[in-house]
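Data first, discussion second: the structure below is written as structure tokens.
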């Protein structure tokens, strides 16, 4: 397989992160103010919708781990991506609180295996070239930033000119864009064939040794998820204009894309918990 074909595959896989994280998780922060205004939600109700997505994501991650020996990573990625796209679309077809909760839970369940399986697939693209492998993984995770850039460049403008009542249109647009990304992304996933050893031994997860890292990552997530969920609502309450909201969201997206490249040297140098400790330390500061 030529390097050009490999990089096309990496680009296709990164679209999966664009959908599962950029659209299905982070874009809610931009849609939340409109949904609160139009549906007369409290902050507790608005927060619950995001909690529902996070609970679904946890369940999806556990299910992906339990299924990795039985289902191929390519199939998990492909089915999860299509399902996530559909659930985003369905979120724009109802105003019922509990139906919206259901679609957000299901989007989380479907999105987790996309992110997890996609990471396994992209890591297999350059197994004998550590430099290119690190670059491919950085490009893959940058897909989440691409999703933030695209949603930040469009959704605030949509609400500025069409009002809070346009929130169903935003979900439909995200779902439609995600479905358009499916052909290339699914083709990329089905093109990669992982060696048996890549999915073997999943039952031997060293949970005790991972506990400190899991706790640190969980505390990091508690900070950034709350921030990304409510920063849009906070900026609207200031009030900040839609141009500033767009600018901030796009800036975060660009930073997400740049981040793996900035940390690339440290990630390549250390195989311990040092990179996670340094990154969470910087975020804390």
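Residue numbers (the numbering used here): 465 to 749.
Cβ coordinates follow ideal geometry from the N, Cα and C atoms, glycine included.
Keep in mind the model is a prediction, meaning the values are calculated, not measured.
So, residue i versus residue j, is the Cβ gap smaller than 7 Å?
i, j, result
"residue 406", "residue 500", "Given that the chain is displayed from residue 465 to residue 749, the structure contains no residue 406 and the question cannot be resolved."
"residue 583", "residue 520", "no"
"residue 656", "residue 585", "yes"
"residue 575", "residue 484", "yes"
"residue 696", "residue 494", "yes"
"residue 490", "residue 692", "yes"
"residue 810", "residue 476", "Residue 810 is absent from the structure shown; the chain starts at 465 and stops at 749."
"residue 590", "residue 581", "no"
"residue 609", "residue 721", "yes"
"residue 622", "residue 628", "no"
Please report the straight-line C-alpha distance between residue i and residue j, rounded to a whole angstrom.
i, j, result
"residue 733", "residue 715", "28 Å"
"residue 672", "residue 683", "18 Å"
"residue 550", "residue 643", "8 Å"
"residue 498", "residue 517", "18 Å"
"residue 653", "residue 703", "43 Å"
"residue 611", "residue 487", "6 Å"
"residue 469", "residue 709", "37 Å"
"residue 700", "residue 620", "10 Å"
"residue 624", "residue 567", "26 Å"
"residue 665", "residue 536", "For residue 665, the pLDDT reaches just 48, beneath the cut-off of 50, and the residue's location in the model is therefore unreliable, although a value from the coordinates is still provided. Taking the straight line joining both Cα atoms gives about 14 Å."
"residue 526", "residue 532", "10 Å"
"residue 685", "residue 736", "20 Å"
"residue 587", "residue 505", "42 Å"
"residue 474", "residue 640", "22 Å"
"residue 558", "residue 705", "28 Å"
"residue 592", "residue 466", "14 Å"
"residue 674", "residue 744", "16 Å"
"residue 479", "residue 542", "12 Å"
"residue 669", "residue 658", "19 Å"
"residue 534", "residue 522", "19 Å"
Classify residue i as helix, strand or coil using the three-state DSSP reduction.
i, result
"residue 626", "helix"
"residue 466", "coil"
"residue 670", "coil"
"residue 590", "coil"
"residue 703", "coil"
"residue 509", "helix"
"residue 734", "coil"
"residue 555", "coil"
"residue 665", "In this prediction, residue 665 has a pLDDT of 48, which is less than 50 and means its spatial position is unreliable; nothing more can be read from the coordinates."
"residue 617", "helix"
"residue 535", "coil"
"residue 658", "coil"
"residue 710", "helix"
"residue 504", "coil"
Please work out which residues of its chain come closer than 7 Å, Cβ to Cβ, to residue i, disregarding the five sequence neighbours upstream and downstream, and give them in chain order.
i, result
"residue 602", "724, 725 and 728"
"residue 681", "740"
"residue 579", "481, 484 and 485"
"residue 749", "none"
"residue 731", "598 and 739"
"residue 596", "590"
How many whole angstroms separate the CB atoms of residue i and residue j, which I take to be in contact at a CB cut-off of 8 Å?
i, j, result
"residue 513", "residue 564", "6 Å"
"residue 635", "residue 553", "7 Å"
"residue 613", "residue 718", "7 Å"
"residue 530", "residue 540", "That belief does not hold up - the Cβ atoms of residue 530 and residue 540 are roughly 11 Å apart, past 8 Å."
"residue 713", "residue 615", "7 Å"
Enumerate in chain order the residues of its own chain whose CB-to-CB distance from residue i is below 8 Å, with the five nearest sequence positions on each side excluded.
i, result
"residue 524", "544, 572, 573, 574, 575, 576 and 577"
Excluding sequence positions up to five away, which residues of its chain have a Cβ less than 6 Å from the Cβ of residue i?
i, result
"residue 546", "646"
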